[in-house]
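Peer 1: Attaching a single structure in structure tokens format; questions to follow.
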Amino acid sequence: MKTLPDKRGYFGEWGGTFVPETLMAPLDELERAYHRARRDRAFEARLKELLDRYVGRPTPLYQARRLSARLGGAMIWLKREDLCHTGAHKINNALGQALLACEMGKRRVIAETGAGQHGVATATAAALLGLECRVYMGAEDMRRQALNVYRMQLMGAEVMSVAGGAQTLKDAINEALRDWVTHVRSTHYILGSVLGPHPYPMMVRDFQSVIGRETMAQYRQIVRGLPDCIIACVGGGSNAAGIFSAFIPHTRVRLVGVEAGGRGPGPGNHAARFAGGGAPGVLHGTRTQVLQDEDGQVESTHSVSAGLDYPAVGPEHANWRDTGRVTYTTVDDAEALAAFHLLAETEGIVPALESAHAIAQAAKVAPGMALEANIIVNLSGRGDKDLEEVARVEREQS
Ligand SMILES: *Cc1c(COP(=O)(O)O)cnc(C)c1O
Numbered sequence: 110m111k112t113l114p115d116k117r118g119y120f121g122e123w124g125g126t127f128v129p130e131t132l133m134a135p136l137d138e139l140e141r142a143y144h145r146a147r148r149d150r151a152f153e154a155r156l157k158e159l160l161d162r163y164v165g166r167p168t169p170l171y172q173a174r175r176l177s178a179r180l181g182g183a184m185i186w187l188k189r190e191d192l193c194h195t196g197a198h199k200i201n202n203a204l205g206q207a208l209l210a211c212e213m214g215k216r217r218v219i220a221e222t223g224a225g226q227h228g229v230a231t232a233t234a235a236a237l238l239g240l241e242c243r244v245y246m247g248a249e250d251m252r253r254q255a256l257n258v259y260r261m262q263l264m265g266a267e268v269m270s271v272a273g274g275a276q277t278l279k280d281a282i283n284e285a286l287r288d289w290v291t292h293v294r295s296t297h298y299i300l301g302s303v304l305g306p307h308p309y310p311m312m313v314r315d316f317q318s319v320i321g322r323e324t325m326a327q328y329r330q331i332v333r334g335l336p337d338c339i340i341a342c343v344g345g346g347s348n349a350a351g352i353f354s355a356f357i358p359h360t361r362v363r364l365v366g367v368e369a370g371g372r373g374p375g376p377g378n379h380a381a382r383f384a385g386g387g388a389p390g391v392l393h394g395t396r397t398q399v400l401q402d403e404d405g406q407v408e409s410t411h412s413v414s415a416g417l418d419y420p421a422v423g424p425e426h427a428n429w430r431d432t433g434r435v436t437y438t439t440v441d442d443a444e445a446l447a448a449f450h451l452l453a454e455t456e457g458i459v460p461a462l463e464s465a466h467a468i469a470q471a472a473k474v475a476p477g478m479a480l481e482a483n484i485i486v487n488l489s490g491r492g493d494k495d496l497e498e499v500a501r502v503e504r505e506q507s
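Take 110 as the starting number for the sequence shown in our numbering and just add one per residue.
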């Protein structure tokens, strides 16, 4: 099997480097530093130590017996990324990149954040390693996620309000890229998903691939062999890429990515780049599948879960879709909310609304599968951050 991306950062026809000239040299430097670090035993050992003792890895592969019994059919297993320090998989990547920043002699990191999860992970890693940290966040998002803003500030990060555009994630990324161009000698930009120009999609995937490697080893030890199916939600696509990557060569394992179906079909109602009418385009430095209108204007998106609410998707996912290795489907807001309740009631686990999309997909397919079949769901995060929002949405519905 070919190693992807190729030297120019392409996964098939997707990916690449679409940035202003001033960012070409820093991206080159980043790629070289990254390859050097991955060959450096000391770097690997330091990262592993932090993942084990600080993040709490390996996270358990948990057999959800009551959930499976309730649904009937296949046995469902949960990869418990919700038990990572800070409550989601994002810390795996933030810590890897923060350590890389130290390696490159950069003492300042910046990040973009939508709901605040990646900002919190970055602020955490920066506090741990003693790095200066600035997080760009849309003004509208800052209002909606005031608690996460405080969390970041508590850890010493400076949160910058972005007033342009719709005042959300897309605008925060533009502002972070602008900061990086001006402070590139002192600063590393910690991108939060498998997005952006090369080498980010590769690097973020690799830092998250620990999820898949652990899952494979744990499954072999507990059950033997390989699972029938793995399901993960896809925002930018990092938790999915992280768990899928180890299983990509094992073609009998069915891989399913779940996008946000939101309120239903129609522009502005969802974030389904594959299932809902995205088209090839360039956004934030990479060529990928983008939700856009006929003039190429980026569409607005909606999902009950902020982490899935983004108009583009990681370029490697576009290639997996093309080759048929991964199947992409959607789960809508109502189905995700039902799964949020289902997991809480049957297992005593409150999933992040993003992860609830993957649970909902498992709930759709498990009943039609054999009792001996096994599904693994990547439980990308915990739902504490969503409690208020779910309570509010359900108050409005009743
Ligand atoms: C951010 C986030 C996601 C979506 O991001 P990916 O890069 O697609 O993984 C999913 N789940 C949780 C809990 C998140 O915080």
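All C-beta atoms in this analysis are idealised placements derived from N, C-alpha and C, irrespective of residue type, glycine included.
Just list the residues that DSSP pairs Cys242 with in beta bridges.
Peer 2: Val218
Peer 1: Look up Gln398 in the DSSP assignment and give the residues it is bridged to.
Peer 2: Pro389
Peer 1: Report whether the distance from the Cβ of Ser318 to the nearest heavy atom of ligand 1 is below 7 Å.
Peer 2: Ser318 has its Cβ no nearer than 7 Å to any heavy atom of ligand 1.
Peer 1: Could you give the C-beta distance for Arg363 and Asp337, rounded to a whole number, given that I count them as a contact under 8 Å?
Peer 2: 6 Å
Peer 1: Touch check for the stretch 283-290 and the stretch 266-274: three-plus C-beta pairs under 8 Å?
Peer 2: yes
Peer 1: Where are the alpha helix (DSSP H) runs, 4 residues long or more, that stay fully inside the stretch 131-190, in chain order?
Peer 2: Listed in chain order, the complete alpha helix (DSSP H) runs (minimum 4 residues) inside the stretch 131-190 are 133-147, 150-159 and 174-180.
Peer 1: Given Ser412, which residues of its chain have a CB within under 6 Å of its CB, disregarding the five upstream and five downstream residues?
Peer 2: Ala369, Gly371, Ala380 and Asp418
Peer 1: Quick one: Cα of Gln262 to Cα of Arg117, how far?
Peer 2: 38 Å
Peer 1: Figure out for me which residue from Ala134, Leu192 and Ala183 has the closest Cα to the Cα of Leu160.
Peer 2: Leu192
Peer 1: List in chain order the residues whose CB is within less than 5 Å of at least one heavy atom of ligand 1.
Peer 2: Ordered along the chain, the selected set is Ala197, Gln226, Ser302, Gly344, Gly345, Gly346, Ser347, Asn348, Gly416, Ala461, Glu463, Ser489 and Gly490.
Peer 1: Quick test of your reading: Asn428 and Phe120, contact by CB under 8 Å. State the CB separation rounded to the nearest angstrom.
Peer 2: Yes, Asn428 and Phe120 are in contact; Cβ-Cβ is about 4 Å, under 8 Å.
Peer 1: So if DSSP puts Gly124 in a beta bridge, which residue, or which two residues, is it bridged to?
Peer 2: According to DSSP, Gly124 shares a beta bridge with Tyr119 and Arg396.
Peer 1: Name, in chain order, the residues that DSSP records as bridge partners for Tyr437.
Peer 2: Within the DSSP secondary-structure output, Tyr437 pairs in a beta bridge with Gly366.
Peer 1: For Arg175, I'd like the list of residues in its chain whose CB is within less than 8 Å of its CB, leaving aside the five on either flank, ordered along the chain.
Peer 2: Counting only Cβ-Cβ distances below 8 Å, and skipping sequence neighbours, we find Thr455 and Glu456.
Peer 1: Which residues in the same chain have their Cβ closer than 7 Å to the Cβ of Pro424, if we skip the five residues on either side of it in sequence?
Peer 2: Phe120, Trp123, Gly124, Pro310, Thr395, Arg396 and Thr397
Peer 1: Is Val413 helix, strand or coil when you go by DSSP?
Peer 2: coil
Peer 1: Where DSSP assigns a beta bridge to His297, which residues make up the other side?
Peer 2: The partner list for His297 (beta bridge, DSSP) reads Val218.
Peer 1: Any idea what DSSP makes of Cys342, helix, strand or coil?
Peer 2: strand
Peer 1: Mind reading off the beta-carbon distance from His227 to Ile320? Whole number of angstroms is fine, and I expect it under 8 Å.
Peer 2: Actually they do not touch by this definition, with Cβ atoms about 16 Å apart.
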